[in-house]
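**Q** Read top to bottom, the protein sequences are chains A and B.
Per this note's numbering, residue 21 is the first one in the first sequence, and the count goes up by one each step.
Per this note's numbering, residue -18 is the first one in the second sequence, and the count goes up by one each step.
Beta carbons: idealized from backbone N, C-alpha and C, even for Gly.
Here it is: the structure, laid out below.
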Amino acid sequence: MGYAEALLQHALKLAEEKGAKEIKKIRIAIGELLLINPEQLKFCFSAIASNTIAENAELEIEFLKAEGKCITCGKVFDSIDSTTYICNCGGLIEFKGGKDFILKSLSLEV
Amino acid sequence: MHRIEIEAEVDLLALNKKLARENREFFRENGITVFNIMGAIGSGKTLLIEKTVEALGSQLKIGAILGDVVCNADYERVAKLGIRADAINTGKECHLDAHLLHNRIKNFADMDLLLIENVGNLICPVDFDLGEDYRIVMVSVTEGDDVIGKHPEIFRLADLIIINKVALAGAVGADVDKMVEDARSLSNAEIIKMDLKEGIGFDEWLNFVRRAVNVSGNSGKS
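Structure follows, in structure tokens:
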């Protein structure tokens, strides 16, 4: 819910700066290591956006992959799943990225 | 009416990152070692703070900030020890963030060690850097021995993992070795098997604290 609230707040601020009557679409990029459930985010957003110009906004979500590298053998992993924290060699995988939450762009009716 | 597209590229976590950096600079400038003590509800975070103050309070200036949803139960336990302490009520937010700490930390400028007790939660606090030096993650055997495997991210990012209440493992059917193995599969952090009421693992914890404070070079302040 906190993420949905931050998203709504920023989207409304940007839309109001443009004098928008309605927010049609919000494009966001979410790091996969934030482990945000997109359906839940959409649900929370719709709950709090009602009676605002964002109430009918479609959320378009792109997931950003984390980059993983084994600290023992150097093997590179370009995505995670819920069990991929150790490498085939037994070494730990260190991850970079995958933790951002970016409001990319808005489609507005002005 | 017509439709327009606007580029935003707004990092919604930017404000927390900025405030966490500012917190971290404040701590470094003032020579304060900071622990973000995270863990499940009832895992023993407050008791760990109480015992640490009792053991090291005469050698180090220790302060505490305690987060909780409502009321000040944890704060009151720690404040009774006579240390500088502050309470933060997070309300419906399930974690502390850098903003909540930002205006309070100036009251702890002369501390050697600041212990921040995060809200009891193994999920939400992960993404919110407070500006700490060390993330301590605490669970207990009474949460089930699969609790670590179920919450990989918080353990992956821990600097120290504490498995508490080990004396109760038999009574609740928890396999402590499995918990250690699960933690080891996620992190190279030191793991302490602890039971605060039985005194197990507490010396290892005190050694960790002493090493952490010495690394920051604050041991002579008090």
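Counting only Cβ pairs nearer than 7 Å, list the residues of chain C close to residue 120 (chain B).
**A** Of the chains in the structure shown, none is chain C; the protein chains are A and B.
**Q** Chain B partners of residue 97 (chain A), CB-CB under 7 Å?
**A** The residue given as residue 97 (chain A) occupies position 77 in the first sequence. Residues of chain B passing the Cβ test: none, with the nearest at roughly 14 Å.
**Q** For the beta strand (DSSP E) that residue 125 (chain A) lies in, which residues bound it at each end?
**A** As a working mapping, residue 125 (chain A) is identified with position 105 in the first sequence. Per DSSP, residue 125 (chain A) belongs to the beta strand (DSSP E) from 121 to 129.
**Q** Determine, using beta-carbon pairs with one atom in the region 97 to 105 of chain B and one in the region 30 to 50 of chain B, whether at least three such pairs fall under 8 Å.
**A** yes
**Q** Which parts of the region 94 to 157 of chain B are runs of the beta strand (DSSP E), unbroken and 3 residues or longer, counting only runs that do not cross its ends?
**A** 94 to 98, 115 to 121 and 141 to 145
**Q** Report the start-end ranges of each beta strand (DSSP E) in the region -4 to 57 of chain B that is 3 residues or longer and not cut off at the edges.
**A** 14 to 20 and 43 to 49
**Q** Interface residues of chain A around residue 171 (chain B) at Cβ under 9 Å?
**A** Sequence index remark: in the second sequence, residue 171 (chain B) carries index 190 (1-based). Ordered by position in chain A, no residue passes the 9 Å Cβ test against residue 171 (chain B), which lies about 14 Å from the chain.
**Q** Pull out every residue of the region 30 to 42 of chain A whose Cβ sits closer than 7 Å to any Cβ of chain B, in chain order.
**A** 30, 34, 38 and 41
**Q** Straight-line CA distance for residue 73 (chain A) to residue -14 (chain B)?
**A** By one-based count along the first sequence, residue 73 (chain A) stands at place 53. By one-based count along the second sequence, residue -14 (chain B) stands at place 5. Cα to Cα, the separation comes out at about 15 Å.
**Q** Going by beta carbon distance, what residues of the same chain come within less than 6 Å of residue 161 (chain B), once the five residues before and after it are set aside?
**A** Numbered from 1 along the second sequence, position 180 holds the residue referred to as residue 161 (chain B). Excluding sequence neighbours, residue 161 (chain B) sits near 172.
**Q** What is the DSSP secondary structure of residue 68 (chain A), reduced to helix, strand or coil?
**A** For the purposes of this step, residue 68 (chain A) is taken as residue 48 along the first sequence, with counting starting at 1. The answer is helix: DSSP assigns residue 68 (chain A) an H, G or I state.
**Q** Report yes if the CB atom of residue 35 (chain A) is closer than 9 Å to the CB atom of residue 126 (chain A), and no otherwise.
**A** Looking up residue 35 (chain A) in the first sequence gives position 15. Looking up residue 126 (chain A) in the first sequence gives position 106. Their beta carbons are under 9 Å apart, which means residue 35 (chain A) touches residue 126 (chain A) by this criterion.
**Q** Which of helix, strand or coil does DSSP assign to residue 85 (chain B)?
**A** By 1-based counting over the second sequence, the position of residue 85 (chain B) is 104. Correct three-state label for residue 85 (chain B): coil.
**Q** If I'm right that residue 13 (chain B) touches residue 93 (chain B) with Cβ under 8 Å, what's the distance once you round it to whole angstroms?
**A** Taking the first residue of the second sequence as 1, we reach residue 13 (chain B) at position 32. Taking the first residue of the second sequence as 1, we reach residue 93 (chain B) at position 112. Yes, residue 13 (chain B) and residue 93 (chain B) are in contact; Cβ-Cβ is about 7 Å, under 8 Å.
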